[in-house]
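Just so we're aligned, residue 255 is where the sequence shown starts under this note's numbering, counting upward by one.
These notes are about the structure you will find just below.
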Amino acid sequence: MKKTFFVAGLTLVAASTAYATTHAGVTLTAPYVAMCANTGNVAEQNFCHGFGQGVYDTYLMTRHPKKAPGFVCFPAPGPKRDAVLNQFVTWANQNPQYANMPASDTLLRYLGTTYPCNTAKK
Numbered sequence: 255m256k257k258t259f260f261v262a263g264l265t266l267v268a269a270s271t272a273y274a275t276t277h278a279g280v281t282l283t284a285p286y287v288a289m290c291a292n293t294g295n296v297a298e299q300n301f302c303h304g305f306g307q308g309v310y311d312t313y314l315m316t317r318h319p320k321k322a323p324g325f326v327c328f329p330a331p332g333p334k335r336d337a338v339l340n341q342f343v344t345w346a347n348q349n350p351q352y353a354n355m356p357a358s359d360t361l362l363r364y365l366g367t368t369y370p371c372n373t374a375k376k
């Protein structure tokens, strides 16, 4: 019985150590752009599209209409996701100052400058 608890304890310690040392980091712009540009790799394209959609969905879910009005407004009908991401790759390569910034920030910066909302009062 004591051996069982000892082995279980060692397993928990090993698992917690492994978890503590293998954590997810911030996805930076340069590696994200490289993945999006690698159209021949299905896994990288899946990550590129999923991450991009996740950033945009999070933007939509977390903004408050009065306290944080929208700054990304797609035209109707909206562009296709792959077209937006391809244009983002071009834009990011033309703006290397964002290469070491979080990809989510750079992606939202691109969307806000490319698809700005009309802020004029009506």
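Backbone N, C-alpha and C define an ideal beta-carbon position, used for all residues, glycine too.
Which listed residue (the options) has its alpha carbon closest to that of residue i
i, options, result
"Ala330", "Leu362, Cys290 and Tyr369", "Tyr369"
"Tyr310", "Val296, Ala297 and Phe325", "Phe325"
"Thr367", "Phe328, Lys320, Ala288 and Gly332", "Phe328"
"Cys371", "Pro323, Lys334 and Thr281", "Pro323"
"Gln348", "Gly294, His318, Tyr364 and Leu314", "Tyr364"
Cβ-based burial, residue i [other Cβ within 10 Å; buried from 16]
i, result
"Val343", "buried"
"Val296", "exposed"
"Thr312", "exposed"
"Thr316", "exposed"
"Cys302", "buried"
"Gly304", "exposed"
"Gly279", "exposed"
Supposed close pair residue i, residue j - CB separation, criterion 8 Å
i, j, result
"Ala346", "Thr283", "6 Å"
DSSP bridge partner residues for residue i (one or two, in chain order)
i, result
"Leu282", "Pro356"
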